[in-house]
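Since the structure comes first, as structure tokens, the remarks are kept for the end.
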Amino acid sequence: MANRVLIVDDAAFMRMMIKDILSKNGYEVVGEAENGVKAIEKYKELTPDLVLMDITMPEMDGIQAVKNIKAIDGNAKVIMCSAMGQQAMVIESIQAGAKDFIVKPFQAERVLEAVRKVVG
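Taken in order, the sequence shown gives residues 532 to 651; the numbers are from the working numbering.
Right, here's the structure in full:
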């Protein structure tokens, strides 16, 4: 059974890149969302094994979305993605409940390494 993944990023191109990397490596992308509000709705609807979440998005950022998802499901597994390698955001993401952090532009190997580490 493939691990089921929800991809959250306001940039369709980024979602497509991540989806491509994961699909080619046996993961099932069950949904996509373009902001934190939609991410929470999709999480409740799809109950994925893993969420790849951008930090900077309109309506609700990734850090707030992680907090909400963790409140719904304490066992939720989330990997944060951001172009900004700012230390404070990494720390805030981890404190919010994220399991790992990947920086854009994505390297396929780093994405897969993070996913394997988090979902086993």
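Heads up, the beta-carbon is just placed ideally off N, CA and C, and yes, glycines get one too. Please read all numbers here as calculations on a predicted model, not as lab measurements.
Query, Result
"How big is the Cα-Cα spacing for Val561 and Ala619?", "30 Å"
"Touching or not, the stretch 543 to 561 and the stretch 596 to 609, by the rule of three or more beta carbon pairs under 8 Å?", "no"
"At 4 residues or longer, what runs of the alpha helix (DSSP H) sit wholly inside the stretch 614 to 641?", "618 to 627"
"What's the call for Lys573, buried or exposed, on a 16-neighbour Cβ count within 10 Å?", "buried"
"Beta-carbon separation of Ile571 and Met611 under 7 Å?", "no"
"Is Met532 helix, strand or coil when you go by DSSP?", "Here the model assigns Met532 a pLDDT of 45, short of 50, so the residue's position is not dependable and the matter cannot be decided."
"Please name the residue or residues paired with Ala564 in a DSSP beta bridge.", "Val539"
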